[in-house]
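Here is the structure we will look at, set down as structure tokens.
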Amino acid sequence: MKPGIPKGTRDFSPVEVARRTYIFDTIKTVFRKFGYQPIETPTMENLSTLTGKYGEEGDQLIFKILNSGDYLAKADEQKLSARNSKLVTFQISEKALRYDLTVPFARYVVMHQNDIAMPFKRYQVQPVWRADRPQKGRYREFYQCDVDVVGSESLLNEAEFICIYDEALSNLGLKDFTIKINNRKILSGIADIIGKPELIVDMTVAIDKLDKIGYDGVTKELAEKGFTATDIEKLRPFIELSGTNTDKLDVMKQALAASEIGKKGIEEIETIFEYLSSFELNNAKVELDITLARGLNYYTGAIFEVKSNEVQMGSIGGGGRYDDLTGMFGLKGVTGAGISFGADRIYDVMLELNLFPDSATVSTQVLITNFDKLAEKYALPVVAKLRKEGISSELYPASAKLQKQMKYADAKNIPFVVLIGDEEMKSGKLTLKNMHSGDQEQLDIDEIIAKLK
RNA sequence: GUGGUUUUAGCUCAGUUGGUUAGAGCGCCUGAUUGUGGUUCAGGAGGUCGUGGGUUCGAGCCCCAUAUUCCACCCCA
98 MKPGIPKGTR DFSPVEVARR TYIFDTIKTV FRKFGYQPIE TPTMENLSTL
148 TGKYGEEGDQ LIFKILNSGD YLAKADEQKL SARNSKLVTF QISEKALRYD
198 LTVPFARYVV MHQNDIAMPF KRYQVQPVWR ADRPQKGRYR EFYQCDVDVV
248 GSESLLNEAE FICIYDEALS NLGLKDFTIK INNRKILSGI ADIIGKPELI
298 VDMTVAIDKL DKIGYDGVTK ELAEKGFTAT DIEKLRPFIE LSGTNTDKLD
348 VMKQALAASE IGKKGIEEIE TIFEYLSSFE LNNAKVELDI TLARGLNYYT
398 GAIFEVKSNE VQMGSIGGGG RYDDLTGMFG LKGVTGAGIS FGADRIYDVM
448 LELNLFPDSA TVSTQVLITN FDKLAEKYAL PVVAKLRKEG ISSELYPASA
498 KLQKQMKYAD AKNIPFVVLI GDEEMKSGKL TLKNMHSGDQ EQLDIDEIIA
548 KLK
């Protein structure tokens, strides 16, 4: 049969794994620095844990797992004959691959509520699966790197998320990226004012197109979606929103004066900015963007999204606050907030910008050549000693032609080669070749170790 | 889920209105060089043209189906 892998999945070769590890390590280091601790959850969850958490579209993107055994035997006859897959899903599948890390985390918190100390700050780096159609920066299997805190209402958490984004992405070498921030309460406030909460998504989508289709285009689209002339007049300050973050806040304060929830949203954003003023950011630009809605329907406060300004790519991170997530699993009154890094997209961005250091790909530091059986025997304690000293080394496993062995070292990017032949064995001075410069020198084993350490 | 696109040597890709034996570059192997890679030279191996049907005297090329790649929409990391 012809080998292949499922659509939207990928193999990772040594160089790619090294680079991905570099990304994960960089991000995890920052997570730990901010006081977060790692957890892991199973690859599969009960299907009932996941359904209904991501909206109707999200439910369709969940990879379901067929029950073991004869999964059709117990299925309802009538539902089966109806040939409607939605009817039989729960009869033939009770497990699914995790769709994100936030819902499993909420489940974890509820199940372990007696063991964890609040506020609980956790990070989690694991793959997730979505039955989406693949395209640029979109995979069916990809890694998320999440930090979430539960049991803390403080907006300091939100401010620190911005710091985490800034530090991690800056450490990875990204020079120009924007952290967009919005607040669900502001969106609710706008809906309050025009009295059409059900159209809030159409509204944000339309306003988002301002720079593409202009003010008239936006109003035209709004009218098509069912907004009256009075509505549009009330929306005017939001559509024309521009300038600095403080400019925007000033305008909105007036426009949302009549909405309690809207005012609360603005207040929250201001508090976050206030916290932020005590921290110094490296490369991140923070931008208030009221068109940021995000599909996940459980956000209740701040909403974040991160985009690179150097590369055309979907968002490389996102998150927000959700007051009622664990409520779905029966634990009321526990607030949570978190953000996620899309490691695979960050990888694609870094690749395009050539940001991976070469050092991330060096593995073996020295290759010992293998001339013949006698030299091999002589080399065994040498390679053992090098390894004992912590130097990655390998002995070529056959007495092949030297040319072949040198080519191997070259292909594997091994920086040093030790040659051991008759003369070296006689004198105890081994030949150390620097593959980069081509220089060679005769050294005893201790001198080589000192040189490579 | 909707619309489009890609698929030919290990890799990146040519391949004329359908016409004999399908090409190039890079890589790989062998030798020049029995103890020296990355440069050079000579030679060599490697293809069911994504898969399955169809049209035709004849298909890499045309038609249908299907898989796959990438892209846009929707949504999202």
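In terms of my numbering, the first sequence opens at residue 98 and continues consecutively.
Glycine included, every Cβ here is placed at the ideal spot set by N, Cα and C.
- prompt: Within 10 angstroms of its Cβ, does K474 collect 16 or more other Cβ (buried), or is it exposed?
  reply: Position 377 of the first sequence, counted from the start, is the residue given in the question as residue 474. Under this definition K474 is an exposed residue.
* Asked: Would you call the segment 145-163 and the segment 180-198 touching, i.e. three or more CB-CB distances under 8 Å?
  -> yes
>> I'd like to check one pair, Q188 with K171: are the Cβ atoms closer than 9 Å?
In response: The residue labelled residue 171 in the question sits at position 74 within the first sequence. The residue labelled residue 188 in the question sits at position 91 within the first sequence. Against a cut-off of 9 Å, the Cβ pair of Q188 and K171 comes out as a contact.
### Query
What separation, rounded to the nearest whole angstrom, lies between the Cα atoms of T341 and F335?
On the first sequence, position 244 is the one that residue 341 refers to. On the first sequence, position 238 is the one that residue 335 refers to. Approximately 14 Å between the Cα atoms of the pair.
Residue range of the beta strand (DSSP E) that includes M425:
Your numbering for residue 425 matches position 328 in the first sequence. From DSSP, M425 is part of no beta strand (DSSP E); its letter is neither H nor E.
Report buried or exposed for I102, applying the criterion of at least 16 other Cβ atoms within 10 angstroms of its Cβ. Position 5 of the first sequence, counted from the start, is the residue given in the question as residue 102. Exposed, by the Cβ-count rule.
> If L389 sits next to A256, beta carbons under 8 Å apart, how far is it from one beta carbon to the other, in whole angstroms?
Replying inline: Counting from 1 along the first sequence, the entry for residue 389 is found at position 292. Counting from 1 along the first sequence, the entry for residue 256 is found at position 159. Going by Cβ atoms, the distance from L389 to A256 rounds to 17 Å, so no, they are not a contact pair.
- Message: Can you confirm whether the segment 121-132 touches the segment 219-226 when touching is taken to mean that 3 or more C-beta pairs between the two stretches lie within less than 8 Å?
- Response: yes
Could you name the residues that DSSP lists as bridge partners for I465? Sequence index remark: in the first sequence, residue 465 carries index 368 (1-based). BP columns for I465 point to L492 and V515.
Near G323, what residues of its chain come up, given a Cβ to Cβ distance below 7 Å and the 5 sequence neighbours on each side ignored?
Your numbering for residue 323 matches position 226 in the first sequence. The residues are L296.
Beta-carbon separation of G362 and I283 under 9 Å?
As a position in the first sequence, residue 362 is number 265, starting the count at 1. As a position in the first sequence, residue 283 is number 186, starting the count at 1. The answer is yes: Cβ separation under 9 Å.
* Using three-state DSSP, classify L448 as helix, strand or coil. => The count along the first sequence starts at 1 and reaches residue 448 at position 351. Residue state for L448 is assigned as helix, using DSSP reduced to three classes.
> Would E238 pass as a contact of R107 if the rule is Cβ separation under 9 Å?
Replying inline: Along the first sequence, one-based indexing puts residue 238 at 141. Along the first sequence, one-based indexing puts residue 107 at 10. Annotated as proximal: E238 and R107, with beta-carbon spacing under 9 Å.
Limits of the unbroken alpha helix (DSSP H) element including G535: Translated into positions along the first sequence, residue 535 becomes position 438. Taken as a continuous stretch (DSSP letters only), G535 belongs to no alpha helix (DSSP H), as it is neither H nor E.
**Request:** Leaving out five residues on either side along the sequence, give the residues of the same chain with a beta carbon under 7 Å from the beta carbon of T140.
**Result:** By one-based count along the first sequence, residue 140 stands at place 43. For T140, where only same-chain residues beyond five positions count, the Cβ hits under 7 Å are L194 and R195.
Would I436 pass as a contact of G417 if the rule is Cβ separation under 9 Å?
Translated into positions along the first sequence, residue 436 becomes position 339. Translated into positions along the first sequence, residue 417 becomes position 320. In this structure, the beta-carbon distance from I436 to G417 falls below 9 Å.
Check: Run through DSSP, which three-state label would N38 get?
Finding: Only positions 98 to 550 of the chain appear in this structure, which leaves residue 38 out of reach.
Counting Cβ pairs closer than 8 Å, one from the segment 376-387 and one from the segment 259-273, do we hit at least three?
-> yes
In whole angstroms, give me the CA-to-CA distance for L271 and G314.
Numbered from 1 along the first sequence, position 174 holds the residue referred to as residue 271. Numbered from 1 along the first sequence, position 217 holds the residue referred to as residue 314. C-alpha separation (whole angstroms): 35 Å.
Worksheet item: Since A381 is in the beta strand (DSSP E), which residue starts that stretch and which ends it?
Response: Translated into the one-based positions of the first sequence, residue 381 becomes position 284. A381 to L385 is the span of the beta strand (DSSP E), which, as asked, contains A381.
Exercise for the section: Return the CA-CA distance between A214 and E449, expressed in angstroms with no decimal places. Expected result: Walking along the first sequence from the start, residue 214 turns up at place 117. Walking along the first sequence from the start, residue 449 turns up at place 352. Each residue's Cα considered, the two are about 42 Å apart.
- Could you spell out the range, first to last residue, of the beta strand (DSSP E) harbouring N268? One-based indexing of the first sequence puts residue 268 at position 171. N268 -> not in any beta strand (DSSP E); alpha helix (DSSP H) instead, spanning L253 to N268.
| request: Determine the burial state of L163: buried for a count of at least 16 other Cβ atoms within 10 Å of its Cβ, exposed for fewer. | output: On the first sequence, position 66 is the one that residue 163 refers to. Exposed: under 16 other Cβ atoms inside 10 Å.
*From this set, F401, Q134, G535 and Q537, which residue's C-alpha is nearest K277's C-alpha?*
Position 180 of the first sequence, counting from 1, holds the residue named residue 277. Closest by alpha carbon: F401.
message: Give me, in chain order, the residues of the same chain whose beta-carbon lies closer than 8 Å to that of D477; leave out the 5 immediate sequence neighbours on both sides.
response: In the first sequence, counting from the first residue as 1, residue 477 sits at position 380. It should be pointed out that residue 477 corresponds to Leu in this sequence rather than to Asp. So the list reads L492, once near-sequence residues are dropped.
Self-check item: CA-to-CA distance, S251 to M300, given in whole angstroms
Solution: Numbered from its first residue, the first sequence carries residue 300 at position 203. Numbered from its first residue, the first sequence carries residue 251 at position 154. Those two C-alpha atoms are separated by around 30 Å.
### Query
Unbroken alpha helix (DSSP H) runs of length 4 or more, entirely within the segment 326-370: which are they?
Counting whole runs of 4 or more residues, the segment 326-370 contains the alpha helix (DSSP H) stretches 326-336 and 342-352.
(message) So the candidates are K360, N451, E486 and K523; which of them puts its Cα closest to the Cα of A547?
(response) As a first step, residue 547 must be located in the first sequence, where it is residue number 450. The closest CA to that of A547, considering only K360, N451, E486 and K523, is found on E486.
Next item on the list: Just confirm the distance between the C-beta atoms of N280 and I366, as a whole number of angstroms; I'd bet it's less than 8 Å.
Entry: Position 183 of the first sequence, counting from 1, holds the residue named residue 280. Position 269 of the first sequence, counting from 1, holds the residue named residue 366. Confirmed, Cβ separation roughly 6 Å.
**Study point:** Boundaries (first-last residue) of the beta strand (DSSP E) holding A390
**Key:** The residue you call residue 390 lines up with position 293 of the first sequence. From DSSP, A390 is part of no beta strand (DSSP E); its letter is neither H nor E.
Here's the rule: buried if 16 or more other CB atoms are within 10 angstroms of the residue's CB, otherwise exposed. What is N211? For this step, residue 211 is matched to residue 114 along the first sequence. Classification for N211: exposed.
- prompt: Does DSSP classify V403 as helix, strand or coil?
  reply: As a first step, residue 403 is located in the first sequence; it is residue number 306 there, counting from the start. In this structure, V403 counts as strand in the three-state DSSP scheme.
If I follow the unbroken alpha helix (DSSP H) through E174, where does it start and stop? Start at 1 with the first residue of the first sequence, and residue 174 comes out as number 77. Its alpha helix (DSSP H) spans residues E174 to S178.
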